[in-house]
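The sequence shown lines up with residues -6 to 378 when you count with the working numbering.
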Amino acid sequence: MSNNFSPLGDLSVEEFLAEYWQKKPLLIPQALPGVVPPIAADELAGLACEEQVESRLIIHDGSSEHWDLTHGPFAEETFRTLPENHWTLLVQAVDFWVPEAAKFLDQFSFIPSWRVDDLMISLSGDGGGVGPHFDNYDVFLVQVSGRRQWEVGGVYDGRSPRRPDTPVMILTDWKPKERWILEPGDLLYVPPKVGHNGIAVGKDCMTCSVGFRAPSHGDMLKEFSHFVSSDLSEELRYADPDLKPQPHPGRISPEAINQAHQILRQYIEDKDKVAEWFGRSVTIPKYQEEEPTREMYSLKDLQTHLSGGEALLRNEGSRFAFQEHGEEILVFVDGRCFRRPRSQADFVASICAQRVIRFTHLSNTKEDLPFLLELVNHGSLYFPD
Ligand code: SIN
Ligand code: CO
């Protein structure tokens, strides 16, 4: 269940959504007082040395205005030989690798969890930053250690002038409208396309970015078409039994266009199909883990562990969501869809909200356990030991 805590200060969730979400930036000083960085600086650098982790190092030379971008994995040596200042290390999806970082995201559960993409964490030396740019998605920027100056500007897009010679996006007509220095616990919300520029003030500057998923229309259409077409018979074909004679053989008549439109429309208008595809799509994990060798549990094992007080944890990379659908609840876990009876609605809502599942969360062991077993044996839930 989402708890009542929100890092929005005096603002209610309703006010935030109506006034700011996807509309305008908002600074909330001391949104998370006493915030503890979800990872230590040296551990973050360690993660950036791992093969599977996505990371970038950006070094800015202020005198030549040269920007240098290197992608990880890095050698430990890289971090021992960094320049004194003007560098930023950015590590993507720290929540995928570090349970504390996954928990950090729970503070943002006033936005649907399936909208969240990842927790990126940056670590900078004095003056470090990625330059003035915009992103296509919303972001909550939380200062977790050190200080960073943030500037926010107007709305930019793909046509906005940018430096042609830099490996990172640097907007050239950058005109900040506001400027603040964020201290640990301060939070800045930036909507999609709003320009922003963060510059570390002093060393040991760590910033957490809660980034959201915003699939492009192009990707949505491609994915939906793929989902629908995988079930369609090759025998379903364009047909024109009402074809009329036409004087020009090369002409595509309005009737032919109507027919093509009608064929496509019937799939898009199938709302149940759209709903199922969407649930699957938004719960596909950011990274697919290679199929690990996993201990397989029986129903009896599961019951024994849970009733003995052990807790099941959600795999940090797993995504859970649900939809009410007539007499059923559709549960989406890691791109898979399960149809459960309405009687399981509370149980389903609670496992989609909680990272920890205990025996006490079960409402009906006969119905709930087999479903949990399926999730455990697929690796979406696990016993920590
Ligand atoms: C940063 O943490 O420095 C970059 C985050 C962003 O601008 O999106
Ligand atoms: Co940004």
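Just so it is clear, CB atoms sit at the ideal spot from N, CA and C, and this is done for glycine as well.
1. Using DSSP bridges, identify the partner residues of Gly191.
2. Decide if Met(-6) is buried, meaning its Cβ has at least 16 other Cβ atoms within 10 Å, or exposed.
3. From Glu70 to Gly178, what distance separates their C-alpha atoms?
4. When the Cβ atoms of the stretch 19 to 37 are set against those of the stretch 130 to 146, are three or more pairs found closer than 8 angstroms?
5. Looking at the secondary structure, which residues open and close the alpha helix (DSSP H) in which Arg273 lies?
6. If we call anything under 8 angstroms between Cβ atoms a contact, is Lys196 one with Gly139?
7. With a 10 Å radius around its C-beta and 16 neighbouring C-beta atoms as the bar for buried, classify Gly118 as buried or exposed.
8. Check whether the Cβ of Asp128 lies closer than 7 angstroms to any heavy atom of the ligand CO, and answer yes or no.
9. Which residue spans inside the stretch 279 to 308 form an unbroken beta strand (DSSP E) run of at least 3?
10. How about Val132: is its Cβ closer than 7 angstroms to a heavy atom in the ligand CO?
11. Looking only at DSSP bridge pairs, what is Asp54 linked to?
12. List the whole-angstrom C-beta distance separating Thr200 from Arg141, where the pair is believed to meet the contact cut-off of C-beta under 8 angstroms.
13. Under DSSP, the alpha helix (DSSP H) around Cys345 begins and ends at which residues?
14. Would you call the CB atoms of Pro184 and Lys16 closer than 8 angstroms?
15. Quick check: Pro160 and Trp60, are their CB atoms within less than 8 angstroms of each other?
16. Ordered along the chain, which non-local residues of its own chain (more than five positions away) have a Cβ less than 7 angstroms from that of Val221?
17. Flag His189 as yes when its Cβ comes closer than 7 angstroms to any non-hydrogen atom of the ligand CO, and as no otherwise.
18. Provide the residue span of the alpha helix (DSSP H) that contains His210, from first to last.
19. Tell me the DSSP bridge mates of Cys201?
20. What does DSSP give as the partner residues of Ile350 in its beta bridges?
21. Leaving aside the five residues before and after Phe386 along the sequence, list all residues of the same chain whose C-beta is less than 6 angstroms from its C-beta, in chain order.
22. Any heavy atom of the ligand SIN closer than 7 angstroms to the beta-carbon of Val84?
23. Could you give the distance in angstroms between the alpha-carbon of Ser56 and the alpha-carbon of His79?
24. Figure out for me which residue from Glu309, Ala346, Ile277 and Asp294 has the closest Cα to the Cα of Leu366.
25. Given a cut-off of 8 angstroms on the beta-carbon distance, is the pair Arg335 and Phe205 in contact?
26. Hey, could you find the ends of the alpha helix (DSSP H) Pro247 is sitting in?
27. Measure the C-alpha to C-alpha separation of Gly310 and Ile52 and round it to an integer number of angstroms.
28. When you compare only the Cα positions, how much space is there between Ala207 and Asn129?
29. Round the Cβ separation of Phe340 and Leu355 to the nearest angstrom and send it over; I've been treating them as touching at under 8 angstroms.
30. Mark Asp374 as exposed unless 16 or more other C-beta atoms lie within 10 angstroms of its C-beta, in which case mark it buried.
31. Among the candidates Val84, Ser5 and Leu20, whose CA atom is the shortest distance from the CA of Gly39?
32. Val6 and Phe103: beta carbons closer than 8 angstroms?
33. To the nearest angstrom, report how far apart Leu382 and Ala249 are at their CA atoms.
34. Residues in the same chain with beta-carbon distance under 7 angstroms from Ala232, minus the five sequence neighbours each way, listed in chain order, please.
35. Considering only their Cβ atoms, is the gap separating Val46 from Phe65 smaller than 8 angstroms?
36. Quick check: the Cα distance between Glu12 and Arg230, rounded to an integer number of angstroms?
Quick answer:
1. Under DSSP, Gly191 shares a beta bridge with Trp143.
2. Bear in mind that the predicted position of Met(-6) carries a pLDDT of just 41, short of 50, making it too unreliable to give a figure here.
3. Roughly 32 angstroms between the two C-alpha positions.
4. With a cut-off of 8 angstroms, the stretch 130 to 146 and the stretch 19 to 37 count as touching, because enough Cβ pairs lie within range.
5. Lys264 to Val275
6. Closer than 8 angstroms, so yes.
7. buried
8. Judged by the Cβ position, Asp128 qualifies as a neighbour of the ligand CO at the 7 angstroms threshold, a heavy atom of the ligand being closer than this.
9. 305 to 307
10. yes
11. His59
12. 6 angstroms
13. Ala338 to Ala346
14. yes
15. yes
16. Tyr260 and Lys266
17. True, at least one ligand heavy atom lies under 7 angstroms from that Cβ.
18. His210 to Ser222
19. Ile114 and Val135
20. In the DSSP secondary-structure assignment, Ile350 is bridged to Leu305.
21. Shown here, the chain extends from -6 to 378; a query on residue 386 therefore has no answer.
22. no
23. Using only the alpha carbons, I get a separation of about 11 angstroms.
24. Nearest in C-alpha terms to Leu366, of all of Glu309, Ala346, Ile277 and Asp294, is Asp294.
25. no
26. Pro247 to Ile261
27. 30 angstroms
28. 8 angstroms
29. 7 angstroms
30. For clarity, residue 374 is Leu in the given sequence; the question names Asp instead. Flag for Leu374 reads buried.
31. Val84
32. yes
33. Residue 382 lies beyond the residue range present for the chain, which begins at -6 and ends at 378; the question has no answer from this structure.
34. Here the set comprises nothing.
35. This sequence places Gly at residue 65; Phe is not what is there. Yes.
36. 49 angstroms
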